[in-house]
Amino acid sequence: MYWMGIDLGGTNIVAGLVDETRTIVDRVSVKTRVPRPMEEMADDMADMVRTLLARNGLNMGDLPFVGVGVPCTANEETGHMEDANNLGFDDVAFVPLLEERLGLPVRIGNDANAAAWGEFVAGDYPEGSMLMVTLGTGIGGGIILNRKLWSGYNFAAGEFGHMTLCMDGVPCTCGRRGCFEAYGSATALICQARQRMAEDKTTILWQLCGGDPMQVEAKTVFDGAQTGDTACVELLDRYTDYLAEGISSLINLFQPALVCVGGGVSRAGDALLRPLREKTAEKIYSRNAKRNARIVLARLGNDAGILGAALLGEDS
Ligand SMILES: [Zn+2]
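Under the numbering used here, the first residue of the sequence shown carries the number 384, and numbering increases by one thereafter.
This is the structure we're talking about:
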């Protein structure tokens with residue numbers, strides 16, 4: 384049994400062949416090169432599928448369908464990609480284009496939802512419910528309830544980054560203010576670090592970034608905190624407060640068995656996980672319950688998106 388998953392990103396398109404152990408056994412990628420017509424991107428994807436099949440001695444008949452994770456709202460009923468602004472499209476009939484080229488059914492899902500699904504199905508969790516919170520440029524999310532991905536009535540569910548953490552707070556890329564991602568994303572942490580640097584010329588951040596605030600990354604703050612630098616320790620304390628506030632609200636809403644934290648920031652490991660667990664445990668409404676959501680770190684990194692796309696709509 385094989386599956387094929389494609390992760391359509393703003394920079395790269397990556398296709399992966401997945402075997403019955405739910406492992407990516409081969410992969411191929413091309414540059415997305417936006418803006419260009421969707422027909423061309425579909426041509427590229429069909430070529431990638433054929434390449435992977437040929438390289439592994441397989442043919443189209445070995446695949447039940449091809450799954451694609453897309454960086455926008457993925458209308459599962461019409462097969463349209465909606466609000467795909469970062470690819471240069473408002474609304475594009477994507478599924479028919481790829482089905483025509485492959486002669487196979489094509490399933491689509493939002494990329495963050497697909498990554499959540501991939502993490503869940505490949506993570507082999509006995510629990511039936513999980514929220515995925517991805518801390519990267521923004522904050523992405525995915526909701527798994529009763530072992531199924533919940534994409535919402537209009538397929539736009541799981542936008543955790545745009546729930547309000549602070550009314551009238553700092554501006555967000557979505558046009559509103561005070562969104563969770565304006566405080567809890569990697570971008571937000573970098574912004575908080577630069578502000579602190581402007582006020583504090585003695586912080587080790589100046590050394591770690593070679594005197595250029597533009598070189599600060601989320602990791603720079605974690606590195607600084609490890610040296611005991613007061614500014615970095617305070618920055619992280621505040622940052623994990625924001626994260627715990629947001630995640631506590633999500634737990635209060637869904638009461639999932641698991642909250643899986645992924646994205647670039649999650650590579651900080653225990654330095655992130657420990658304070659997040661402690662602070663969330665104090666904040667959640669169910670703090671006195673006999674059992675509560677377990678916060679874990681994502682295991683699959685970028686592979687989650689391909690795996691989740693490959694297994695969209697399949698049993699967990
Ligand atoms: Zn927002």
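Idealized CB from N, CA, C, for every residue including glycine.
- [ ] Could you name the residues that DSSP lists as bridge partners for V642?
- [x] The partner list for V642 (beta bridge, DSSP) reads L514, I678.
Task: Assigned secondary structure, K673 (DSSP; H/G/I helix, E/B strand, else coil) - done: Shown here, K673 sits in coil according to DSSP, grouped into three states, outside any helix or strand.
Task: Distance CB(L641)-CB(R677) smaller than 8 Å - done: Taking 8 Å as the Cβ cut-off, L641 and R677 qualify as a contacting pair.
Open item on the list: Threshold first: 3 residues or longer. Then list the beta strand (DSSP E) segments lying entirely within the region 428-504, N to C.
Closed with: Scanning the region 428-504 from its first residue to its last, the whole beta strand (DSSP E) runs of 3-plus residues come out as 449-453, 463-465, 474-476, 489-493.
Open item on the list: Can you tell me whether R559 sits near ligand 1, meaning its C-beta is under 7 Å from at least one heavy atom of the ligand?
Closed with: Here the distance from the Cβ of R559 to the nearest heavy atom of ligand 1 is below 7 Å.
Task: Buried or exposed by the 16-neighbour rule on C-beta atoms within 10 Å, applied to R579 - done: R579 comes out buried.
Open item on the list: Quick check: the Cα distance between A654 and G524, rounded to an integer number of angstroms?
Closed with: If you draw a straight line from the Cα of A654 to the Cα of G524, it comes to about 22 Å.
Task: Distance between I491 and L436 (C-alpha atoms, nearest Å) - done: Near 20 Å, if we compare the C-alpha coordinates of I491 and L436.
- [ ] Could you tell me which residues DSSP puts in a beta bridge with D409?
- [x] According to DSSP, D409 bridges with L400.
Task: Simplified DSSP state of N635, which is helix, strand or coil - done: Looking at N635 - three-state DSSP - the assignment turns out to be helix.
TODO: State the beta-bridge partners of L528 as determined by DSSP.
DONE: Partner residues in the beta bridge of L528, as assigned by DSSP, are K531.
Open item on the list: Here's a check: name, in chain order, each residue in its chain whose Cβ is nearer than 8 Å to the Cβ of D426, leaving out the five neighbours to either side.
Closed with: Excluding sequence neighbours, D426 sits near R484.
Task: Close beta carbons around N442, own chain, < 7 Å, minus the five adjacent residues each side - done: If we look at N442 and ignore the five residues flanking it on each side, its Cβ neighbours are L436.
Task: CB contact flag (G561, T570, <8 Å) - done: Not closer than 8 Å, so no.
Task: Segment limits, alpha helix (DSSP H) that includes L572 - done: Residue range 569-582 is occupied by the alpha helix (DSSP H) that includes L572.
Task: Host alpha helix (DSSP H) of I689 (start-end) - done: Note, I689: alpha helix (DSSP H), 686-693.
Open item on the list: Quick check on R419: does DSSP put it in helix, strand or coil?
Closed with: It is coil, neither helix nor strand.
- [ ] Helix, strand or coil for D698, going by three-state DSSP, please let me know.
- [x] Annotated three-state conformation of D698 is coil, per DSSP.
Task: Buried versus exposed call for K414 [16 or more other C-beta atoms within 10 Å across all chains shown] - done: Looking at its Cβ environment, which holds fewer than 16 other Cβ atoms inside 10 Å, K414 is exposed.
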